[in-house]
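Beneath this line is the structure, given in structure tokens, with notes to follow.
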Amino acid sequence: METINIQTTQNIDLNYDLAGVGDRMIAILIDIAIQGGYLLSALILIGFLDDFGIEASAAVMFILYSPIFFYEVVLESFYNGQTFGKRARNIRVIKLDGSEASMGSFIIRWIFRLIEISATGGSVALITLIISGKGQRLGDMAAGTTVVRIKKRIRLEDTILSQVDEDYKPVFGEAADLSDKDIETLKEVLRAKPEEDRHGIIKMEFIKKTATIIKKKLSIENDMESRLFLNTIIKDYNYYKGRVS
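One rule links them: number in the working numbering = place in the sequence shown (from 1) + 318.
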């Protein structure tokens, strides 16, 4: 499986598995099925209105059909780079520069989608996906994005806010100054799969580098083992986050 290296805004390198063409096509088919179900319901409603002699005005038609037209851009913008189809296949859109994908990025992808997929039956998108080398169609190239596989998160421990014991005593109060995005990055680092990993040496260096960055950011001086330090920071963050919540 092809991978791609993404450098986050904290100068941390993360490797992701690129979403395969098959996964992306299946995601599209799932989304089409959902939109088809909605369209069928809309047509039934329009027929119901006609039966009562109520003319389906342009405004009514726009309201009924706009969820289909704007389906992808709205969901990706407010659903962390995913549509229902992408979520079902555990894939999502991310920025190549490591920053958070903005609504502008999703709008660019959506505009190009009208040409690449809707107007050409997906042939243009398929060709560019195969030859781009970064899992990008034209819309991704213009928006600076790609689509990657993500691990399925079904346990509380795998979410940003993890459960901690009621009697847990935090070690680093500075952890409260981090953001959800910081914690997500730390979890990705601990789960990340380096391109090479001989006896875990490279991955350990990867974790040490991240721990050094976090210590510098929070002005922490501590000799705790790097992996333990990152896990402790995550627990402390969840402790403070849970109390605020």
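C-beta atoms are modelled at their ideal positions from N, C-alpha and C, and glycine is treated no differently.
Here the structure is a predicted model, which is why all the values come from computation and not from measurement.
Contact between the region 430-446 and the region 401-421 is absent: fewer than 3 CB-CB pairs across the two stretches fall below 8 Å. Secondary structure within the region 401-439: the alpha helix (DSSP H) runs of 4 or more consecutive residues, fully enclosed, are 402-406, 421-431 (chain order). For secondary structure counted as the alpha helix (DSSP H) over 4 or more consecutive residues, the region 520-562 holds these complete runs in sequence order: 544-562.
Between the C-alpha atoms of Y557 and F380 there is a straight-line separation of about 47 Å.
If you check the CB distance, I386 and L361 do not come in under 9 Å.
DSSP, reduced to helix, strand and coil, places Q454 outside both helices and strands of the structure shown, so it counts as coil. In the displayed model, D485 falls within coil according to three-state DSSP, outside both helix and strand. Beta-bridge annotation (DSSP): T446 is not paired with any residue.
Secondary structure of I468 (DSSP, three-state): coil. Straight through space, the alpha carbons of S384 and Q353 are spaced by roughly 11 Å.
For a cut-off of 8 Å, the C-beta gap from I532 to I551 is around 6 Å, short enough to register as a contact.
In terms of Cβ geometry, I324 and L447 do not form a close pair [threshold 9 Å]. Minimum Cα-Cα distance from F490 among the listed residues K505, L536, A443 corresponds to L536. Under the 10 Å beta carbon count, G453 is surrounded by 16 or more other beta carbons and is classified as buried. Taking C-beta separations shorter than 6 Å and ignoring five residues to either side along the sequence, the partners of R545 in its chain run I525, following chain order. When the alpha-carbon of A351 is set against those of K404, Y334, I364, N398, the nearest one is in K404.
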